[in-house]
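**Q**
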Amino acid sequence: SQQGEEDPQALSIQEGENATMNCSYKTSINNLQWYRQNSGRGLVHLILIRSNEREKHSGRLRVTLDTSKKSSSLLITASRAADTASYFCAEDTSYGKLTFGQGTILTVHP
Amino acid sequence: KAGVTQTPRYLIKTRGQQVTLSCSPISGHRSVSWYQQTPGQGLQFLFEYFSETQRNKGNFPGRFSGRQFSNSRSEMNVSTLELGDSALYLCASRISSGANVLTFGAGSRLTVL
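In order, the protein sequence lines correspond to chains R and Z. Each number in my numbering corresponds to the 1-based position in the first sequence with 203 added. Numbering-wise, my numbering puts 96 at position 107 of the second sequence, and it's gapless, one number per residue.
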């Protein structure tokens, strides 16, 4: 499989806590993206980090990228019940094609 | 601005039949790509179209095909359906220039009996 790996596969936390998800990828990337998917629905783009960037912030999201280790992490601060979803990292390498990781299922308990 | 629209949302077919799924991209988006999502294999890239031309193709058998029309709307077809084709099929569009940020539709859930 060309897909990278994400860990943990599942994460359960209380509202207000921070959630950290990790992603390892396999190829040389143009950029790395994170998407969220609510149960059985389409994916929603969260944030993109370019290969020459090391850290990026967007609201309660913080993404880091380590190209030497081919890894990225997504931190969601002060989690809310509405953050409950699956989170996927995606390698961007060529036209229209993203290679997605297996995803992390996040459950935030009220 | 309307999002990516996929039809039908749900469908049930039997083995050996064929199915056509439709995708209308966001107005102005010229690139459309398709993904298959299953519990076992996760999200797998099927193909990408731009200006009616297939630019990229994933590792799927020839039973999976697609096309794009001059108005950027796209269809994908799966012939001779197998049980393993049961999946959520997701369509995504993007403008075509710049970073490859995709806007996804809600998906078409196919069940093959």
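Built from N, CA and C at the ideal position, the CB exists for glycine as well. These figures come from a predicted structure and were not determined experimentally.
For the beta strand (DSSP E) containing Z/V90, list its first residue and its last residue.
**A** Counting along the chain, Z/V90 falls outside any beta strand (DSSP E), and DSSP gives it neither H nor E.
**Q** Between the alpha carbons of Z/A95 and Z/S82, how many angstroms are there, rounded?
**A** C-alpha separation (whole angstroms): 12 Å.
**Q** Work out the CA separation of Z/F34 and R/T296 for me, nearest whole Å.
**A** Approximately 12 Å, taken between the alpha carbons.
**Q** Could you give the first and the last residue of the continuous beta strand (DSSP E) run that contains Z/R98?
**A** S97 to V101 is the extent of the beta strand (DSSP E) around Z/R98.
**Q** According to a CB-to-CB cut-off of less than 9 Å, which residues of the stretch 272 to 303 of chain R neighbour chain Z?
**A** Of all residues in the stretch 272 to 303 of chain R, F291, A293, D295, T296, S297, Y298, G299, K300, L301, T302 and F303 have a Cβ within less than 9 Å of some Cβ in chain Z.
**Q** Return the first residue and the last residue of the beta strand (DSSP E) that Z/F34 is part of.
**A** Counting along the chain, the beta strand (DSSP E) containing Z/F34 begins and ends at G31 to F39.
**Q** At a CB distance below 9 Å, what residues from the stretch 20 to 45 of chain Z approach chain R? Give them in sequence order.
**A** So the close ones are S20, V21, S22, Y24, Q26, Q30, G31, L32, Q33, F34, F36, E37, Y38, F39, R44 and N45.
**Q** Flag Z/T92 as yes if its beta-carbon sits less than 9 Å from any beta-carbon of chain R, otherwise no.
**A** It does: the Cβ of Z/T92 has a partner Cβ on chain R nearer than 9 Å.
**Q** Beta-carbon within less than 7 Å of R/S261's beta-carbon, same chain only, minus the 5 sequence neighbours each way: which residues are those?
**A** Counting only Cβ-Cβ distances below 7 Å, and skipping sequence neighbours, we find I250.
**Q** Mind checking which residues open and close the beta strand (DSSP E) that includes Z/Y140?
**A** In the structure displayed, chain Z extends from -10 to 102; residue 140 of chain Z sits before or after that span and is not available.
**Q** Which residues of the stretch 229 to 254 of chain R have a Cβ closer than 9 Å to any Cβ of chain Z? Give them in chain order.
**A** Per Cβ criterion, the list reads N233, N234, Q236, Y238, Q240, G243, R244, G245, L246, V247, H248, L251 and R253.
**Q** Using a Cβ-Cβ cut-off of 9 Å, state whether R/G306 counts as contacting chain Z.
**A** So, interface residue.
**Q** Determine the direct distance from the alpha carbon of R/T270 to that of R/K259, and round the result to whole angstroms.
**A** C-alpha separation (whole angstroms): 14 Å.
**Q** When you compare the CB of Z/R56 with every CB in chain C, is at least one pair closer than 9 Å?
**A** This model lacks chain C altogether; the protein chains it does include are R and Z.
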